[in-house]
Each structure stands twice: as C-alpha cells, then as structure tokens.
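Visitor:
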Amino acid sequence: MKTAATLRSLFMRELRLVWRGGHLMPVLAFVFICVTLMPFGIGPELALLQRLAPGLIWVIMLMAVLLSLDRLFQADFEDGSLDQLFLLPVALEWAVIAKIAAHFAGIILPVLITLPVAGLLLNIHPESVLPVMATMLTGAPALVMLGGIGAALAVAVRRAALLTVLIVTPLYVPVIVFGAGALSTALSVPGTLDVTALGVLALISTATVFLAPPAIAAALRAGLR
Amino acid sequence: MEMVKTEYFSNAEGGRLYRPDLAETVSLRAENLACARGVRVIFSDLGFALGAGEVLHVTGANGAGKTSLLRMICGLLAPAAGHVAISGVHDGRDIAPHCHYLGHADALKPTLTPRETIDYDTALFAPAMAANTDDLLTYAGLRRQADQRVATLSAGQKRRLTLTRLVGIPRPIWLMDEPYTALDNAGRKLVDTLVRAHADAGGLAIIAAHEEVGVANRQLVLGA
Amino acid sequence: MLERLENLSALYANPRRFMRLAARLHMPLWLVALAVLGGGLFMVAGVPDDYQQGATVRIMFVHVPAAWMALFAYSFIFFASVLAMVLRHPLGYLAARAAAPVGAVFTLIALVTGALWGQPMWGTWWVWDARLTSVLVLFFVYLGYIALWEAIDDYGRAARATSILAFVGFVNVPIVKFSVDWWNTLHQPASVSRFGRPALHADFLYPLLVMGLAFLFVFLAVTLTRMQTEVLRQRLRVRQEEA
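Residue numbers (my numbering), protein chains in the order written: chain A, 32 to 256; chain B, 30 to 253; chain C, 809 to 1051.
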C-alpha cells in the first residue's frame, strides 16, 4: 500500500516536471520537422510517399524517443535528485518504473497521438490511422524501456546523448523490425492488423517492462560516485 | 522595512522549534572502510561507532574523502573494502531508508514551488504521514515564497527548503555534506539548532565541514 | 602504496600473479599464433579454384573465421564480465576491456570481406541479408561497448556499467538475428543467389578449420598483450600520482 502511494506520488511529480519543464514541445517539433523534410528529400510523389510512409513514421518515432531520452535521468543526476531516489522507502526498480511511466505518459503518448496525423502529410490512407496507432502503442513501451537502459548507463557521462544513441540503437533493431512489419500490413491493406507481428511486438514490450527496470537500476547504481 | 526574521523553524508564536518524533533510535558502526578513486586509495582502515544522540564532525583537506564517506554510509557509494552496519531497527540490512542525505546539490526541482516540494517530499518519503506543509514553510521562513518557483529563490532560501525534508520526515541518521554553505549566520545557527534537537531526540548526525562544528561532540579528521 | 592496493579487494588489485603468468605465456602464444596462421595461409594458397566462384572463394578463408571470431570475442567479453561480477575479480573486467577492440576489428574484417565477396557473388557490395545485417548490428554493439568504456573516467564505474551493457548486448544479439531472419523472409525476394550450402569439400574444410584456429590464437595473443599493457598503464598512473 505504502509502495503504491509513493509510486503514485513519484509518477505525478515527474509528470508535472515534464509539463513544467516544457520537454514535450521540442520533441513534437522534431517529429513534424522530420515529416516535413521527407518529401523534400525523396520527392513529393504521393504514391511513393504512401509506400514509404510506414517505415518513415516508425523511424521518425524511434528518433523522437531517442531525442527525449537524455532528460530521463541526466537532470536528476546533476541536481542531486537521483541520490534521493535511492533513499526512498521503495526499491529503486519501482522508482525507475514510475519515472519511465511518467516519461511515457508525458512525452511519448502525446507524440504517438500526433504521429498518425503527421502521417497524413505522408499520404497515409485515413483508414490506416487507427492500426498505425495500435502498432506504435504496442511497440513504444519497449522503445522507452530499452532506451532507459542506455540513458542509465550513460548517466554520469557528460554530453551523453550521442553515446546513448550508440548504445540503444542495436537494442532497437528487433522492435523496429517487427513494428515496421506490422505497419506495412496495416498500410497496404487499410483497416487490417498484422496479428503475428503485433503479437511479437507485444511480447517484446512485455518482456522489456519486466527485464529492463532491474538493468536500469543496476546501471544507475553503477553510475553513482 | 520588514525586520529580517532570524529564528527560522520557529512558528509565529515564537520558540517552538523542531521537535522530532523519531520512531526508532539507532547506532551506527563502520569497520575497515576503504575508498578508492581511480587507481588511488583515498582512505583505508577507517572505523568508528556512533550511538544515539552523537554528532560526528568529519573534516579534512579537499579530496580527503569526506563526501565519499558520507555516501558510503547510506549506500550511495560501494566501499572498496569494509562495511557499515546499523543496529536498533528491524531491517538493519538496508541503511538507506533510515538516512537523510544532504548533499552539495540541493536536489530541488527549479520548476516546482516550495509548497509542492514539501508536499511531494512527504508523499514520497513518508506516504503514511500527514503533510504539515504550512508549518514547515513557516519554520523555513518561506511562507511568502510558498507559491513561487524554486528557481526564483536565493541560495540560502533553497538551502532552508532542503532542510525542511530533514525536519518534516523523521529519520534517525542525518548525513550532511557542508550544510553551512550559502547560509547566513542565522542559517548556520539554525542548522546547529536542528542538529542539536535531532540529537536530543536520540538521532545521530554526521556533518562533513571545513569549519568548526559547535554542535558536534565527536570529530574525525580524514587524511591525518 | 602498491602494497596497500593489493590488500584491498578493490577493483584495482594489482594482479601480480597474472602478470607473471602472462610474461611466461606471451612469447609462446604469439609464436603458435603466427605458426598456425602461416600454415593456414599456405594451405589456402594450395586450395583449387571453385568451379562456380573461381579464385574469389579464397576470401571465405578470411571471412568465415573472422565472423566466427566476431561472435566468439563477444561471448568472451560476456563470460569475462559475468565472471568478474560473480567472483568480484578485476581480471575479468581487464580481459573484457582488452578483448573488445580486437573483436570489433574481427567484425569489421568479416563485414569488409563479406562485401568484397558479395561483389562478384551477388553483383553488389552489400545486401541486407539476415547474416550480414546481424553482423553489422553486432559491430554497433561493439562500438557502443568500447565507447562506454572510454566515456567513463573512473575505472570501477566503467567496469560495472560496461558489464551490464555486455550482458544486455549478449541477450540482444540472438534476438536481432531472429528478428532480422523474419524481416528478411518478409522483404527479400528469394532470387538472391546465395550459393547452396552443400557439405564443404575436405579440400576447403581443413584449411578453413586451420584458419579458424589461427584467428583464435591471434585473438588470444593480442588480447593478452592488451591486458598486460593495461596493467602496466595503471601501474604507471599510480607511480605518477605518487610522484
């Protein structure tokens, strides 16, 4: 009971910090800038854009998650809040979950909601919007959890953003592969879902939700000085 | 001009200072502690025992390992050798939940207000406790600043806000790293008063500081 | 101070026994490695041209052992890290750190020779074949691991953090292989002409095995030398700080 109350408070606090800190706007701006740049790069031909849209959306989202990672633990490390996280009456693993959940709710979820809209700019079939969101919602927890491992490993490193990207990208390959697979089905036959790919994606997400927090907590402990 | 308030942590009627309600009193023992940084050994074979009500002043040159020692005690740093143990609590294995650590950094979030800071601290560290936020704000002399962002506070005000965590959430072990930094004379006196009240209630404190610590009854010189 | 260091069960123990053993092993290991490598190359020179691939088949004798070593070196890093964490012995961290750039170079060799081999075979330098893609991802795993070692200045913290990464990466690599296989069957037309995999003729098999053995010895020799160098470097730092 006490653990749940502590975690709820931590979640609410983090959510408020994300909101007050204005961390969402840059990520959203990044997403729309990327979407706008794509037709310039590959040409404004609508049929081509429609064919490439699933992969583009998926990669843009992955980069948005990567971009958002550096504030996950870095700020707490610098201002001493990370120390206080260790002194909480709950296990660090739980605190990590609460923090990541807030990050997910405060940044990733809004990005997810706007991404299909951004996809319309890439000529996505309107009927595909819901399947696209379902796919991304299934895969996003894995992206955030795996990203958390990289962010925690690089927590004590100055200018850690690039290092985090280097560490995290190989971990993202399975997620991005199955996500893109599910997306391509959803977009080629509007209104359908690729149950196999979604199932594997859900499996990966579930596994990371259980396995990543201990790794993140261990990485944060290793980063203490 | 408003008079500068000197007696923080006393309420409007005056005089009612911090009276901690410690559910537990503990004693602390460190044995053969060693600290290494890179390939260098900072200190080794360090041991001491502290009982309830004792205040230890840790001093020593820059880089002698004062901060590292404090962090080792609450488990924020793994010692290169040796161990720390507490007795007097039912789960003596994990020391961290019985400690307050006041570090160099204030651990404050600039975008929260002092009121929110205290509310969240209570909810996070002692979820079963009712928050006496208004009292703490008054005690800390931050009543007027209660709803402006922490970023707008002065260094001394931030320090006093950090101290409300120690006062508001009873924990028997206080680890304070240079607690007098950024504080005026009244603030310094305040720290001493709080530590004395804490010790009188059966708590123990370890204070790392360059200057004299009047409230301490034990001293440890690192690197001597 | 050095004596003091040895008394600590710290990460910085001065591994005298290792250094004595390494000094004795160093020369013989290099000699064996060079001898086996020379023998292997001699055998490769004597291999007949393949009826399909001609002389380019000889690339295989570098490519395949390099790919083996890419995987072996990563497993080596993983097990060394696990041993170091379980036994709390610094030698494991030392070995893992020393092996990483060696493994990365083998991975790079596998990638480059793969491209060189692919050009005449497939008519293109690179195909997004499941195997090639997994090895490319493995190369990035190596780079991340090495970068993390370099980024953290404190040896102990770097050792712990990289161990966690080695563990995560070790779990990740097979999953990458699996997912890329799945991806491949989804996207790749079956027309990519990978030559069938009949049982390798003995003329090819023995030189290949000898080359594999040679690469293994080269890996061990370079890693050992790198470990010795690292210990000496740390000793030098202690001396410099004392002075």
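Each residue gets a CB set at the ideal place from its N, CA and C atoms; glycine is no exception. Values in this document were obtained by computation on a predicted structure and should not be read as measured data.
Output, in chain order, the set of chain B residues within a Cβ distance shorter than 7 Å of E1038(C).
Guide: Neighbours of E1038(C) on chain B: none; closest Cβ ~11 Å, over 7 Å.
Visitor: Y209(B) by DSSP, collapsed to three states: which one?
Guide: It is coil, neither helix nor strand.
Visitor: Below 9 Å on C-beta distance, what does F72(B) contact in chain A?
Guide: Chain A residues near F72(B): none, gap ~16 Å exceeds 9 Å.
Visitor: Have a look at Q248(B), P143(B), E60(B), Y130(B) and flag the residue whose alpha-carbon is nearest the alpha-carbon of Q257(B).
Guide: Only positions 30 to 253 of chain B appear in this structure, which leaves residue 257(B) out of reach.
Visitor: Is the separation between the beta-carbon of V84(B) and that of V244(B) shorter than 8 Å?
Guide: Going by C-beta atoms, V84(B) is nearer than 8 Å to V244(B).
Visitor: Is there a Cβ from chain A that is less than 8 Å from the Cβ of S999(C)?
Guide: Note on S999(C): pLDDT 40, under 50, position unreliable in the model; the coordinate value appears next. With 8 Å as the cut-off, S999(C) does not count as an interface residue toward chain A.
Visitor: With a threshold of 16 other CB atoms inside 10 Å of the CB of T237(A), please say whether the residue is buried or exposed.
Guide: Exposed: under 16 other Cβ atoms inside 10 Å.
Visitor: Would you tell me roughly how many angstroms separate the C-alpha atoms of L845(C) and Y1014(C), rounded to the nearest one?
Guide: For L845(C) and Y1014(C), the distance between alpha carbons rounds to 13 Å.
Visitor: Per DSSP, H262(B) forms a beta bridge with which residues?
Guide: Outside the displayed span of chain B (30 to 253) sits residue 262(B), for which this structure offers no information.
Visitor: Spell out whether any CB of chain C is found under 8 Å from the CB atom of A250(A).
Guide: True, the Cβ-Cβ gap to chain C drops below 8 Å.
Visitor: Could you name each continuous alpha helix (DSSP H) segment of 4 residues or more that falls completely within the segment 875-952 of chain C, going from the start of the chain to the end?
Guide: The qualifying runs are 898-930.
Visitor: Hey, how far is the Cα of R51(A) from the Cα of L41(A)?
Guide: If you take the alpha carbons of R51(A) and L41(A), they lie about 15 Å apart.
Visitor: Which of the residues in the segment 854-873 of chain C, read from start to end, lie with their CB under 8 Å from any CB of chain B?
Guide: Hits within the stretch: zero.
Visitor: P120(A): which of A114(B), D123(B), S116(B) sits nearest, CA to CA?
Guide: Of the listed residues, the one whose Cα sits closest to P120(A) is D123(B).
Visitor: Going along chain A, which residues have a C-beta under 7 Å from Y149(B)?
Guide: Under the 7 Å cutoff, chain A gives S40, R44.
Visitor: Extract the residue ranges of the alpha helix (DSSP H) inside the segment 49-108 of chain A, only unbroken runs of 4 or more that lie entirely within it.
Guide: Listed in chain order, the complete alpha helix (DSSP H) runs (minimum 4 residues) inside the segment 49-108 of chain A are 55-73, 77-100.
Visitor: By the three-class DSSP mapping on this structure, what secondary structure does H129(B) have?
Guide: Residue state, collapsed to three classes: strand.
Visitor: Would DSSP call H227(B) helix, strand or coil?
Guide: H227(B): helix per DSSP, three-state reduction.
Visitor: Does the distance from the CB of F986(C) to the CB of L197(A) come in under 8 Å?
Guide: The answer is no: Cβ separation not under 8 Å.
Visitor: Between R256(A) and chain C, is there a C-beta pair that is closer than 8 Å?
Guide: Chain C, which has a Cβ nearer than 8 Å to the Cβ of R256(A), makes this yes.
Visitor: Along the segment 99-124 of chain B, where does the CB come closer than 8 Å to a CB of chain C? Name the residues.
Guide: Here the close residues are A109, A110.
Visitor: Mind reading off the beta-carbon distance from V943(C) to L919(C)? Whole number of angstroms is fine, and I expect it under 8 Å.
Guide: Going by Cβ atoms, the distance from V943(C) to L919(C) rounds to 6 Å, so yes, they are a contact pair.
Visitor: Are the C-beta of F209(A) and some C-beta of chain C separated by less than 8 Å?
Guide: It does; some Cβ of chain C falls within 8 Å.
Visitor: From A149(A) to V984(C), what does the alpha carbon distance come to, in whole angstroms?
Guide: Each residue's Cα considered, the two are about 29 Å apart.
Visitor: Are there three or more Cβ pairs, one per stretch, closer than 8 Å when the segment 895-910 of chain C is compared with the segment 1029-1040 of chain C?
Guide: Yes, since at least three Cβ pairs between the segment 895-910 of chain C and the segment 1029-1040 of chain C fall closer than 8 Å, the two stretches touch.
Visitor: Which value, in whole angstroms, describes the spacing of the CA atoms of R832(C) and F826(C)?
Guide: About 10 Å.
Visitor: Could you work out which residues of chain B lie near R51(A), taking near to mean beta carbons separated by less than 8 Å?
Guide: Under the 8 Å cutoff, chain B gives T140, L141.
Visitor: Just to make sure I have the definition right: I need the residues of chain A whose C-beta is within less than 9 Å of the C-beta of R965(C). Which are they?
Guide: Neighbours of R965(C) on chain A, chain order: A187, A253, G254, L255, R256.
Visitor: When the cut-off is 8 Å and only beta carbons count, does K217(B) lie next to chain C?
Guide: Sequence inspection shows Arg at residue 217(B); the Lys mentioned does not correspond to that position. R217(B) does not count as touching chain C.
Visitor: I'd like to check one pair, L106(B) with L233(B): are the Cβ atoms closer than 8 Å?
Guide: The answer is no: Cβ separation not under 8 Å.
Visitor: Would you identify the three-state DSSP class for R66(B), choosing helix, strand or coil?
Guide: Note: R66(B) maps to strand in three-state DSSP.
Visitor: I believe E60(B) touches G76(B) by the beta-carbon criterion, under 8 Å. Please report the beta-carbon distance rounded to the nearest angstrom.
Guide: Contact holds; Cβ gap of about 5 Å.
Visitor: Could you name the residues of the segment 956-989 of chain C whose beta carbon sits closer than 8 Å to any beta carbon of chain B, in the order they occur along the chain?
Guide: Listed in sequence order: D961, D962, Y963, G964.
Visitor: Who are the Cβ neighbours of F1003(C) in its own chain at under 8 Å, not counting the five residues just before and after it?
Guide: Here F1003(C) scores only 49 on pLDDT, less than 50, and its place in the model is too uncertain to base an answer on.
Visitor: Under the rule that 16 or more other beta-carbon atoms within 10 Å means buried, what is L194(A), buried or exposed?
Guide: So L194(A) counts as buried.
Visitor: So, is A818(C) buried or exposed, given that buried needs 16 or more other C-beta atoms within 10 angstroms?
Guide: Reliability fails at A818(C), whose pLDDT of 43 lies under 50, so the model's placement of it is uncertain and the value that follows must be treated cautiously. A818(C) is buried by the Cβ-count criterion.
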